[in-house]
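Accompanying notes for the structure given below.
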Amino acid sequence: MVQCCVGRPLFLVLLSAAAVTTFPTATRSKLSIPFHSKNSSIFSLRAMANTTPSTGKAPPAPKKVRHEMELFGDVRVDNYYWLRDDSRSNPEVLSYLHEENSYTDSVMSGTKQLEDRIYTEIRGRIKEDDISAPMRRGSYYYYRRNLEGKEYVQHCRCYVPASGAPTSVYDMMPTGPDAPSEHIILDENVKALEHTYYSIGAFKVSPNNKLVAYAEDTKGDEIYTVYVIDAESGMLVGKPLVGVITSYLEWAGDEALVYVTMDEILRPDKVWLHKLGTNQSDDTCLYHENDETFSLDLQASESKKYLFISSESKITRFVFYLDTSKPENGLVVLTSRMTGVDTSASHRGNHFFIKRRTDDCFNSELLVCPVENISTTTVLLPHRPSYLECCTTINTTDRLENSFEQNPKRRDSIRSAKHCHAEYRCSVVECVS
């Protein structure tokens, strides 16, 4: 059976003949890939025999090179350590990998036509010429465009002249003959022509819509180089940020960036502040997580007024915040480090909203505190054993009602959200398990 999920890896699941025949006849008739009887399955031994290469050559075998590693007085031998090549440039390692790939192609040559049929059918069910949902930021709508036959996306925006009316969640990007012209900020298809591998891990527009910072990986090792370009001309602004950089990247105002780097084991461990126009060597390290059981992440609040830096392990997570209008003031602890306590944060109006989970509050609880006095917290939604508190804040109660008007089980949540909206200038979406 073939399953395809847009935006996720594709998996071909090979079912036995017995399993295949358990599908209802109506289900089997809808698939263009033929199903055969138990004795003639497309994945039968006879079909698999056709994949045997005519040359009958044996698979490549890597040589053994003794390599000893000692730790805590224990010596471990790895005869294949020589295959480790972090630079991806060792000719001997690359040659062996080419041999493996060549052998695989030879063994699988008998299924090439089937692979092509499956690939063609899957691709035929995908709308290739499409755009993502436009997102309004000031006077622009931002979106990604996919082109038919292309492997990568275009990052675009569309200017919307000011009408004098305040922006709303109900605003829609104009379309048709009267729609404003589209501007392509960056075309990944063009950039990818220069590389055998290409991926953009972050694409962030500055608050004033003039600049774009993006994180680029051209090796596939998820180590990124950060570029800043002019949103209109595409011209590079300053020097790129290099090193062992992650895709965690956010603007701190219009003239500074915050990014995260990794240590020698590729653990996100440091948060940096970079001011445009300065050398990377002068960047400020905002926080260094020395505990190897913890790693860092970075995200911007929906209001874009604050950045949240979290340090987390398997059962513990604590949060700092950075005021983007005053990045030079550094990080402030929002939730303290307590073993077994998992917290995450968001911002709306004059308050921070904190979701907190512990062994006792296993379904989480929602706390709120004033931005000017984070030590004063109020329980907004208490923990309830029979409810899963999967909460977020949104702009209007009307939007909440429209979203859940068909679900009578959540009407109580909607009424409580109205109360929250009046007191804390927000609405709360409460997911009831």
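Mapped onto our numbering, the consecutive letters of the sequence shown carry residue numbers 1219 to 1651.
Each residue gets a CB set at the ideal place from its N, CA and C atoms; glycine is no exception.
CB of residue i within 9 Å of CB of residue j, strictly
| i | j | result |
| --- | --- | --- |
| L1429 | V1478 | no |
| Y1539 | L1525 | yes |
| D1389 | R1354 | yes |
| W1300 | V1325 | no |
| K1522 | T1553 | no |
| I1533 | T1561 | no |
| S1350 | G1419 | no |
| S1357 | Y1377 | yes |
| E1339 | K1368 | no |
| A1518 | V1537 | no |
| N1297 | H1316 | no |
Rounded straight-line distance, which links the Cα of residue j to that of residue i
| i | j | result |
| --- | --- | --- |
| R1362 | Y1370 | 10 Å |
| Q1372 | L1365 | 8 Å |
| A1397 | N1568 | 37 Å |
| D1304 | P1603 | 48 Å |
| T1414 | R1306 | 13 Å |
| D1323 | L1332 | 14 Å |
| T1443 | A1279 | 36 Å |
| I1527 | P1545 | 13 Å |
| H1506 | V1489 | 7 Å |
| L1467 | N1497 | 17 Å |
| V1597 | E1583 | 7 Å |
| E1288 | I1483 | 18 Å |
| Y1359 | S1529 | 33 Å |
| N1547 | E1473 | 15 Å |
| T1576 | H1601 | 10 Å |
| V1446 | A1410 | 18 Å |
| D1292 | R1302 | 21 Å |
| F1571 | L1599 | 11 Å |
| L1404 | D1448 | 10 Å |
| G1438 | S1593 | 43 Å |
| S1499 | V1460 | 10 Å |
| S1424 | S1451 | 15 Å |
| A1433 | G1471 | 18 Å |
| L1585 | V1559 | 14 Å |
| L1504 | A1431 | 20 Å |
| V1455 | R1566 | 32 Å |
| K1493 | N1426 | 16 Å |
| P1384 | V1551 | 34 Å |
| E1590 | K1573 | 19 Å |
| S1386 | D1334 | 47 Å |
| P1588 | P1392 | 38 Å |
| W1469 | M1453 | 18 Å |
| I1344 | F1290 | 54 Å |
| E1412 | K1457 | 19 Å |
| P1309 | F1421 | 34 Å |
| G1394 | E1520 | 30 Å |
| E1406 | G1274 | 42 Å |
| S1531 | T1595 | 24 Å |
Three-state secondary structure assigned by DSSP to residue i
| i | result |
| --- | --- |
| H1174 | Look at the range of the chain in this structure, 1219 to 1651, and you will see that residue 1174 is not part of it. |
| N1426 | coil |
| P1309 | helix |
| Y1442 | strand |
| D1323 | helix |
| V1660 | Nothing about residue 1660 can be reported from this structure: the residues present for the chain run from 1219 to 1651 only. |
| H1285 | coil |
| R1485 | coil |
| H1401 | strand |
| I1592 | coil |
| K1330 | helix |
| R1341 | helix |
| H1316 | helix |
| R1602 | coil |
| Y1415 | coil |
| Y1539 | strand |
| R1335 | helix |
| L1475 | strand |
| S1499 | helix |
| L1549 | coil |
| Y1299 | helix |
| R1555 | coil |
Nonlocal neighbours in the same chain, by C-beta distance under 8 Å from residue i, ignoring five residues either side
| i | result |
| --- | --- |
| R1341 | none |
| A1380 | S1357 |
Nearest-angstrom beta carbon gap, residue j and residue i [assumed within contact, 8 Å]
| i | j | result |
| --- | --- | --- |
| E1510 | R1535 | Not a contact, Cβ separation roughly 16 Å. |
| P1277 | Y1321 | 5 Å |
Neighbourhood of residue i by C-beta distance below 7 Å, restricted to the same chain and skipping five residues each side
| i | result |
| --- | --- |
| I1441 | D1435, V1462, I1463 |
| E1318 | P1278 |
| V1311 | L1301, D1303 |
| S1417 | D1435 |
| D1481 | D1487 |
| L1491 | A1470, A1474, V1476, D1501, T1502, L1504, P1545 |
| G1495 | G1456 |
Beta-carbon proximity list for residue i, same chain, < 6 Å, skipping 5 on both sides
| i | result |
| --- | --- |
| H1401 | R1375 |
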